[in-house]
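One structure is given here, and the rest of the page talks about it.
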Amino acid sequence: MSHHEDSPEFLHNRKEFQLDRLILFSDAVFAIAITLLVIEIRVPELHNPSERELLDALKERGLGVFAFILSFFVIGQFWISHHRLFGYVTSYDNKLIWLNLNMLFWTVLVPFTTGLNSRYGGMNIVWVIYSTNLAMIPLANFFIVKYITKPARKMSVITHDEITKWYMIKRCQIAFLCFMLGVVFALFPWAITTILSRLIYLLVFPAMRIINRKHKKALVAAKAQI
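Letter by letter, the sequence shown follows residues 1078 to 1303 of my numbering.
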């Protein structure tokens, strides 16, 4: 027997289907953004092919390759965070859709700013643009976390889970801080700050591992108290 279109069960199932569409659309955007990154890594054209000339050409593309690798794993990290976050979401509204689109906007911009790095990575202004782009993604995720965990909205299963809320928020804050430090360092013309502006992002990955461990320990401790 088919359910009437106005029945609570039908509406609930349709809501779940629409939420799945939102998640699948987001996954597709992440996948496309990661794929587009490699387009800027072009095979060098050699006028007088030799091993020396090839090595020199690859060396010139060093910053571009570094930016590609960094962008690939950063987008991968944010996809993991997005996948985990929306695994807790049980409902949605138009504002959540727009908050998610805001995050996806900054994500699809990464191939462009990575391309700038591939060509003009020696300029500090390029790293300011690139770092700002990366910083906007965890900031956008932060707004999503804060929005869906408001008890009155009843949008997620972690509304009253303070440990998981802390975990999701800290991941956003740490990533944002690392990328904004990259912006700050790139604003100064000194050699040491220029180097730091390029390398500071590498702190994101060990920092995330530390947060993951703390989250697991907190969950174990919470279960032990039950």
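The beta carbon of each residue, even a glycine, is placed where N, CA and C say it ideally should be.
Annotation: the continuous alpha helix (DSSP H) that includes Ser1158 extends over Gly1139 to Phe1163. Judged by beta-carbon spacing, Phe1253 lies beyond the 8 Å limit of Thr1184, meaning their Cβ atoms are not closer than that value. Ranked by how close their Cα comes to the Cα of Trp1204, the residues Val1115, Glu1239 and Leu1258 have Leu1258 in first place. Per DSSP, Ala1299 is one residue of the alpha helix (DSSP H) stretching across Val1281 to Gln1302.
Counting along the chain, Ile1269 sits inside the alpha helix (DSSP H) bounded by residues Ala1268 to Leu1276. Of the residues Leu1279, Leu1273, Leu1114 and Tyr1244, the one whose Cα lies closest to the Cα of Lys1293 is Tyr1244. Beta-bridge analysis with DSSP links Ser1233 to Val1166.
Ranked by Cα distance from Ile1246, the options Phe1265, Ala1263, Pro1121 and Leu1216 are led by Leu1216. Note that the C-beta distance between Phe1143 and Leu1114 is not below 8 Å.
The three-state reading of DSSP puts Phe1265 in coil, since its state is none of H, G, I, E or B. For Pro1121, the secondary structure class from DSSP, reduced to helix, strand or coil, is coil. Ranked by how close their Cα comes to the Cα of Thr1241, the residues Ser1158, Arg1275 and Ala1105 have Ser1158 in first place. Three or more beta-carbon pairs drawn from the region 1215-1235 and the region 1171-1189 are found closer than 8 Å, and the two stretches are therefore classed as touching. Between Thr1191 and the set Lys1136, Gln1154, Leu1131 and Glu1117, the nearest pair of CA atoms involves Glu1117. In this structure, the CA atom of Leu1101 is about 39 Å from the CA atom of Lys1136. Distance from the CA atom of Thr1226 to the CA atom of Lys1300, rounded to whole angstroms, is 21 Å.
For Val1222, the enclosing alpha helix (DSSP H) starts and ends at Asn1201 to Ile1225. Excluding sequence positions up to five before and after Met1285, its CB lies within less than 8 Å of the CB of Gln1154, Arg1248, Ile1251 and Ala1252, all in the same chain and listed in chain order.
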